[in-house]
Each structure stands twice: as structure tokens, then as C-alpha cells.
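Numbered per mature numbering (1 follows the signal peptide of the UniProt record, and there is no 0), the sequence shown spans residues -22 to -1, 1 to 359. Structure, as C-alpha cells:
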Amino acid sequence: MSSPNWKIFVAASILGISCAQAAAIHAPRQSNASSISWFDCPDAPSTQCAFFDVPMDYTHPNGNETVSIFLRKLSATVPEDQRLGSLLTNPGGPGGSGSQWLLRRGKEVSDILAGRYDVIGFDPRQGPPFPRHEKSHVAKLAAIQATQNNACAQNGNHAMLRNSGTVAVAKDMERIVQALGEDGLNYWGFSYGTVLGQTFAAMRPNLVKRMVLDGVSGVEAYFTDVLQWGKDAIKYSDRTLKGFASTCIEAGPEHCALANKTNTVQGILDRLDALYARLDKDPLVVGDSQVGPGIIQAHHLQSFMLSSLYTPKEWKGVAEVLVLLEEGNGEVLSGMFAGSYGVVPQPYDQNVFNRSMQTVLTRESFNPILCGDSAPLNITI
């Protein structure tokens, strides 16, 4: 998850800094040697990649078991004497792939910060890679689920489950900072990434140099009442949904497919409710899609709509998907949400890192981290 107003937040933060603080913030970094071995990323030569080992269990940091953290770096563009060090980022989740996020947003962050940081995204523990299926392709989404469950049961690292959670990731970040040769953490976190940033600051306040928390998520609720945390995250989503409908009407049928039969906001919302009701009663069978056959139920569409509220620039495509669903065509939507419900298999010859890496954010990363952080629940929902 990320905030649509993050540029405004940065500008406001900079304007609120006193002259004395600004002088300290823009002081050149003290460069130390890095122990991380970087190499040109084969999938994106403009970035550099690395694998960095950290302890599996921080209660036994000198144990033999380690976790390999995948990092991706977009180097600073200014001369060495103008650089301010490394900036670690986290896109949210929990479990979101920082390396993939860097490919999409790294340059934007670097430009905002005048190219003065090496911007680094990392894949937190319990995220990718996941155990691979025995076969490169499977015929049905149900088969993907079954084979993934078997792969986790047979090949999964069960010690990782015992050592998943935000505290462990914060300690991984500390190790990364040390290995980079930095004297403190520069960090930019979005959504759940703000929980991670607050956790790091509480654990290692002396190591925090510069930190931006964007789209702040309630850290107290996250650790004490995860259900309330989830409710807080969608508290005003109905307003955004109405914004989707109103901008569609304003754009007209030429730019918004949903405006073809409707000229009111309520009309679009009613059509969406009708789709939910229809799919709840009679799920749509998808004979084929880019990920194979499957079905679309009401909760699939609801999840799709919730996630789409974070990216208004994609709303034109969202409207097109909804019209296709009204016409009984679910091929596009099936391909879009499949990655959230099971790992989409890829042939080994398409894996440039030769690490059996799967980059999609799925429940395999989200749930273990959330459960590892949460207080025990004994309720019915």
C-alpha cells in the first residue's frame, strides 16, 4: 500500500525543517567501506543487485542458519562529495517486494531527492523466493493452490515461520546498514513500511538519521489488535470509491467505459453492487486466461476494487474490466488477481537470478509476517 499524496508530504516535511536542522540533514555522509558485493542486475542493468546473509534467529545470532536477503540499488546520480548515503525503502505489505517496487518507483524517489542517495529496495524475510512447483506450468488455479501447499509442506523452511515478523526485519535492516558502511539509517517507508520504520526507531533510535513515514499506519493497533488495524486501513475507502464513480461520470464514456449506460454516481455504484450480488450467487467461470482456467467470485471482485483504490491512474482500466464482467467476460480480471491467491509459476529459463525466485506478493509472505507480529486471537468473525 502507498499514499497518493507522498510528494506533498515530502514537500511539507522539507518546508517544516529549521535552518539548523537542514544544515545537519544535508551534511555529506562519512563514507565507510561496504561489505555487500553488488553486481549489475541481469533483468534491469540500470540497477545493481546483491544477496546479503543475516541470522535466521536473532536470539541465536551466531547460529549456522541464515537468511539470504535480496537487495536492489539505484545509485545516486550526483558526484561523490554531494551524496548523502544509502536510503532503504519499504513499499508496504507486510511482505512487499522492495526490489520490485524499486523498479517501478525508484527513479521517482531518486529525482525527488535530487539524486543524492543510493536508493535501495530489499525483499524482507518470508517474502520471495517461495518453494517452486515441481512443474513449470499447471492447468488450473486450483492445481496451483494444491501444488503450492504441497511444496510448502515438503520444501518450506519451517524455521523461517518461527522467525518471521517486523522485529526480525528491523534487525535485518540494521545489518544491511552496517554492511553498507553507513553510520545510520536513512529510510522511506510506505503504509506497513511506516510500521517497520517506527519499529526500527523504537529499537535503535541512535541509528536513525533521516526517516520519512508516508501513509502512516497505526503501529499500536498493528501489534495489539490486527483486526482493528485492518479496519483502520479501509476506514474511508467508501469515499474513494465514490471518487472513482464521480470521476468516471466527469470523464464520460469516451474515457470511462462505465459511463456508457450511467450518468450518475449512484448509478455506477448500483451497477457495482449488482455485480457483487450476481457473482455471489453465480460465480463466473473463466475457461482460459494467461494463468489458466478459474472462477471469479464476489470476494475476488471486492478485493480487486479495494486494491484499485490505491491507484487512480489505473481507473480507466478498472472501468473496462467491470464492463467486461457485466458482459460475462472474466479473462482479464482472472489474470490480474491470480497472483494474489497463488504463486504464478515461471519456467526456470525465465529466471535470470537462477534462485527459484517468485516476485509476486501473496498470502505466503503476508500471513506469516502478520501472524508472527500479532497477539493471539480467540474470536469469531
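Ideal Cβ placement from N, Cα and C applies to all residues, glycine included. No experiment lies behind these values; they were computed from the predicted model shown.
- Burial state of residue 65 is buried, judged by a 10 Å Cβ sphere holding 16 or more other Cβ atoms.
- Residue state for residue 207 is assigned as helix, using DSSP reduced to three classes.
- Excluding the 5 residues flanking it on each side, residue 102 has same chain C-beta neighbours closer than 6 Å at 147, in chain order.
- Comparing C-alpha distances from residue 164 to each of 259, 214, 98, 307 shows the shortest one belongs to 98.
- Checking the DSSP bridge columns, you'll see residue 27 partnered with 17, 50.
- For the 8 Å CB-CB criterion, residue 95 and residue 157 do not form a contact.
- Residue 247 is not a Cβ neighbour of residue 279, given a cutoff of 8 Å.
- The criterion of a C-beta distance shorter than 8 Å is not satisfied by residue 283 and residue 141.
- Residue 101 is bridged by DSSP to 48.
- With contact defined as three or more Cβ pairs closer than 8 Å, the stretch 84 to 93 and the stretch 186 to 193 are not in contact.
- The criterion of a C-beta distance shorter than 8 Å is not satisfied by residue 273 and residue 104.
- The continuous stretches of alpha helix (DSSP H) do not include residue 34, and DSSP gives it neither H nor E.
- Of the residues 250, 70, 16, the one whose Cα lies closest to the Cα of residue 175 is 70.
- Taking each of 291, 203, 149, 220 in turn and checking the Cα distance to residue 179, the smallest one comes out for 149.
- DSSP places residue 303 in the uninterrupted alpha helix (DSSP H) bounded by 293 to 304.
- Non-local C-beta neighbours of residue 233 in its own chain, meaning closer than 8 Å and more than five positions away in sequence, comprise 294, ordered along the chain.
- If only complete runs of 3 or more residues are kept, the stretch 69 to 101 shows the beta strand (DSSP E) at 96 to 101, in order along the chain.
- If you draw a straight line from the Cα of residue 85 to the Cα of residue 61, it is about 16 Å long.
- The continuous stretches of beta strand (DSSP E) do not include residue 56, and DSSP gives it neither H nor E.
- Residue 57 sits away from residue 170, with the two beta carbons spaced by 8 Å or more.
- Pairing residue 17 with residue 29, the inter-Cα distance amounts to about 10 Å.
- DSSP, reduced to helix, strand and coil, places residue 61 outside both helices and strands of the structure shown, so it counts as coil.
- Distance check between residue 37 and each of 312, 82, 137, 228 places 137 closest, using alpha-carbon atoms only.
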